[in-house]
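Everything on this sheet refers to the single structure shown next.
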Amino acid sequence: MNGVNPISNARTAVFFHAHPDDEALLTAGTMAMLAAEGHRVVLVVATSGERGQADVEPGEALGATRMAELYASAAALGCARVVNLGYADSGLSPDGGLADDRPDGAFIDADVEEAAGRLAAVLAEEEADLLTTYDPAGGYGHPDHVQVNRVGGRAAEIAGTPIVLEATVNRDPLLRGLRLVRRFYPQLDIRAFERAYSPGEVITHRVGVRRFARQKRASMAAHASQATGADTRTLGVMLKIPRPLYRLIFGTEWYVRRDAPLGSRLRHPFEAPPKG
Ligand SMILES: [Zn+2]
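In terms of the working numbering, the sequence shown opens at residue 897 and continues consecutively.
Written out as C-alpha cells, the structure is:
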C-alpha cells in the first residue's frame, strides 16, 4: 500500500496523558506522524498540571497557562482536538512521592471506574481505534502517571477500543547512559531508574520518529513554563541539547502492547502484531 487514503484508511488515535508537556516527551513524534498520514489525533489530559514546577506559584493561573501551552503543542503536532478531563494535579512530595497536601479532586484520588467512564465517553464519541496510556510504573513514578495506566486500561475495556499501547521509554539504553554519567558524578543516584519505564524485552513497538524531530521540538518549546528557568527541569535540559544529538536521542518512541507476543518488533502503532 502506498500512503494513506484519507477517506477509507483514516483512523482515530487518542493519546491520554497526565499533564500538559507529558505528550511532548513521550509521544509527540508518533502524534505528528499519524497526523501527517491523515489520521485523526486526539489529545486528552487528566489535569491541567497546575501543580507542576514553574517560576510562578502553583494554582489556577499556572493551570490556565499550561493549558494554553498544551493547545500550542497540539497545533504543532497536528492534533484535531484537545480534551481536559478536569481532575486536579496531584503534585509531588519534595522527595518525589505522593504529596500529603493533595487538593480536592486530585487525579490519584479519583475513583478508577468513574475516571475511566469519562475517558471512555471520549473514546466512544471519537470511535477511537487506538488509545495510548502509560506503563504500570507510571514512567518515573509520578502518582498521576500510574493512574493514567489504570484509568486508561479500564476506559479502553469499557469503550471496546481495540488497540491499547502503553507509552514508555526503553530503560536499557537510559540506564547505560546514566551509568556512564555516574562515572563523572558518583553522587548520582540511579536506583529509581532501575524500576522506571520498561525493560527493552517487553517493548513491542519502536516507532521511528526522526522525520518529525522538528514537530517534537516545537511541542517541547510550546511548554515554556516548564522549560525556562532552573536547569533541573527535564524540558529545560532537553531543549538545550544540540540538534544533531537531539535527533539521535529522540529518534524513537517506545510502546508496549500487552496483547502482542513478547519479542514483537513493530514499527507503527497500527501495525498488526504477529500471531503468537
Ligand atoms: Zn506528567
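We put the beta carbon where it would ideally sit given N, CA and C, even for glycine.
| message | Going by the DSSP bridge assignment, what does alanine 984 pair with across the sheet? | response | Ala1002
| Cβ-based neighbour list, leucine 1074, same chain, cut-off 8 Å, excluding 5 preceding and 5 following | Leu1084, Ile1086, Phe1089
| task | Could you check if proline 916 is buried or exposed, using at least 16 other CB atoms within 10 Å of its CB as the buried criterion? | result | buried
| task | Determine the closest residue to alanine 1016 out of Met1116, Ala1156, Val940, Phe1166, with distance taken between C-alpha atoms. | result | Val940
| query | To the nearest angstrom, how far is it from the Cα of tyrosine 1177 to the Cα of arginine 977? | reply | Missing from the structure shown is residue 1177; the chain here goes from 897 to 1172 and no further.
| Under the three-state reduction of DSSP, which class applies to glycine 1037: helix, strand or coil? | coil
| query | DSSP puts leucine 939 in a beta bridge; with which residues? | reply | Phe911, Val978
| Is it the case that the CB of glycine 992 approaches a heavy atom of ligand 1 more closely than 8 Å? | no
| field | Own chain residues within Cβ distance below 7 Å of alanine 1114, not counting five before or after | value | Ala972
| query | Are three or more beta carbon pairs between the region 917-930 and the region 1104-1120 nearer than 8 Å? | reply | yes
| said: Taking 7 Å as the limit between beta carbons, can you name the residues of its chain near proline 1058, skipping five residues before and five after? | reply: Asp1025
| alanine 1126 classed as buried or exposed, judged by whether at least 16 other C-beta atoms fall within 10 angstroms | Low confidence applies to alanine 1126: its pLDDT is 48, below 50, so where it sits in the model is not reliable, and the reading given next is rough at best. Exposed, by the Cβ-count rule.
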